[in-house]
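Notes follow once the structure below has been shown.
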Amino acid sequence: MNKFFSLFLYFVSFQLQLMEISPQNLFDIFNSRSFFSADFNQSTIQDDKERKIQGSINASRDGKFKVTYLEPISEIISSDGKNLFRLDYELNQLDVFSVEDYFTNIESPISFFTKSSGELSEIYAVDHCDQTDEISVCSLTPIEDDTFLKKLFISLDINTIYSISYNDTFDQEVKIFFTNLSWQNLSDEKFTFDMPPKIDIVYH
Numbered sequence: 049m050n051k052f053f054s055l056f057l058y059f060v061s062f063q064l065q066l067m068e069i070s071p072q073n074l075f076d077i078f079n080s081r082s083f084f085s086a087d088f089n090q091s092t093i094q095d096d097k098e099r100k101i102q103g104s105i106n107a108s109r110d111g112k113f114k115v116t117y118l119e120p121i122s123e124i125i126s127s128d129g130k131n132l133f134r135l136d137y138e139l140n141q142l143d144v145f146s147v148e149d150y151f152t153n154i155e156s157p158i159s160f161f162t163k164s165s166g167e168l169s170e171i172y173a174v175d176h177c178d179q180t181d182e183i184s185v186c187s188l189t190p191i192e193d194d195t196f197l198k199k200l201f202i203s204l205d206i207n208t209i210y211s212i213s214y215n216d217t218f219d220q221e222v223k224i225f226f227t228n229l230s231w232q233n234l235s236d237e238k239f240t241f242d243m244p245p246k247i248d249i250v251y252h
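Going by the numbering used here, the sequence shown opens with residue 49, and the numbers climb by one from there.
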């Protein structure tokens, strides 16, 4: 039985590697992964000035995530699927938002790792996917007109997300490059954080 199961997993993996990424299956490829973790380097360019940030991300398809910004700012943005938390260590303040009020159908790169394929198709339209060698670059546009993002690009293959970049309404060009990527299961502890003592908590 173990040999049969191993052979089955090998066959599925082989079929995935042969799959060509297209506008029709892009969201299904994301949806086939239940967990995502990676380190990242984020570059933001505005008015010819560049700001770089390092951090890490943990996310799950059930809506939980934690984004930790390490340098040059110290901040955590996370969600337990019901509430959205923003912990600012410099301000010593924790902001709490309702996901239902502030994060439903919002076009954000984190949504690719937390929402289902059906939910993603309600937020983004995939314009096209171009393949160079073994890497595909897919261009997406938010379906709603009045949105924060204007255009979004994903560079990926079947097993790896290399980068996500976008242009927003503030005329910013943001590029996020992922390293040390993993699709392995994440425990609930990966989505929690320790609060500093005597922190101000603000509910919105």
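Every residue, glycine too, gets a C-beta built ideally from N, C-alpha and C. Keep in mind it's a predicted model, so treat the numbers as computed, not measured.
Exposed or buried, which one is Asn-106 when buried takes at least 16 other CB atoms within 10 Å?
-> Label assigned to Asn-106: buried.
Beta bridge counterpart(s) of Ser-70 as assigned by DSSP | Ser-70 is not bridged to any residue.
Might you give, ordered along the chain, the residues of its own chain that have their beta carbon closer than 8 Å to the beta carbon of Glu-98, omitting 5 neighbours on each side?
-> Cβ within range, chain order: Ser-91 and Thr-92.
Report buried or exposed for Asn-233, applying the criterion of at least 16 other Cβ atoms within 10 angstroms of its Cβ.
-> Taking all protein chains in view, the Cβ of Asn-233 is surrounded by fewer than 16 other Cβ atoms within 10 Å, so the residue is classified as exposed.
Host alpha helix (DSSP H) of Ser-184 (start-end) | No alpha helix (DSSP H) contains Ser-184, which is instead part of the beta strand (DSSP E) from 183-190.
Hey, could you find the ends of the alpha helix (DSSP H) Ile-121 is sitting in?
-> No alpha helix (DSSP H) holds Ile-121; DSSP gives it neither H nor E.
Are Pro-244 and Tyr-137 touching if we call contact CB-CB under 8 Å?
-> Closer than 8 Å, so yes.
Are Phe-226 and Ser-213 touching if we call contact CB-CB under 8 Å?
-> Going by C-beta atoms, Phe-226 is not nearer than 8 Å to Ser-213.
Between the CA atoms of Ser-184 and Val-115 - distance to the nearest angstrom = Note on geometry: alpha-carbon atoms of Val-115 and Ser-184 lie some 25 Å from one another.
In this structure, what does DSSP give as the bridge partners for Gly-166?
-> Beta-bridge partners of Gly-166 (DSSP): none assigned.
Backbone secondary structure at Phe-247 - three-state DSSP = Residue 247 is actually Ile in this sequence, not Phe. Residue state, collapsed to three classes: coil.
Through-space distance from Leu-197 to Tyr-117, alpha-carbon basis = CA-CA distance, Tyr-117 to Leu-197, rounds to 21 Å.
Hey, quick one: how far does the alpha helix (DSSP H) through Glu-148 stretch, first residue to last?
-> Counting along the chain, the alpha helix (DSSP H) containing Glu-148 begins and ends at 147-150.
For Ile-171, name the three-state secondary structure that DSSP assigns.
-> Of the three classes helix, strand and coil, the one that applies to Ile-171 here is helix, per DSSP.
Considering only residues of the same chain and omitting the five flanking positions on each side of Leu-57, which have a CB-CB separation below 8 Å?
-> For Leu-57, the pLDDT reaches just 42, beneath the cut-off of 50, and the residue's location in the model is therefore unreliable, although a value from the coordinates is still provided. Scanning its chain for C-beta atoms nearer than 8 Å, with the 5 sequence neighbours on each side dropped, one finds no residue around Leu-57.
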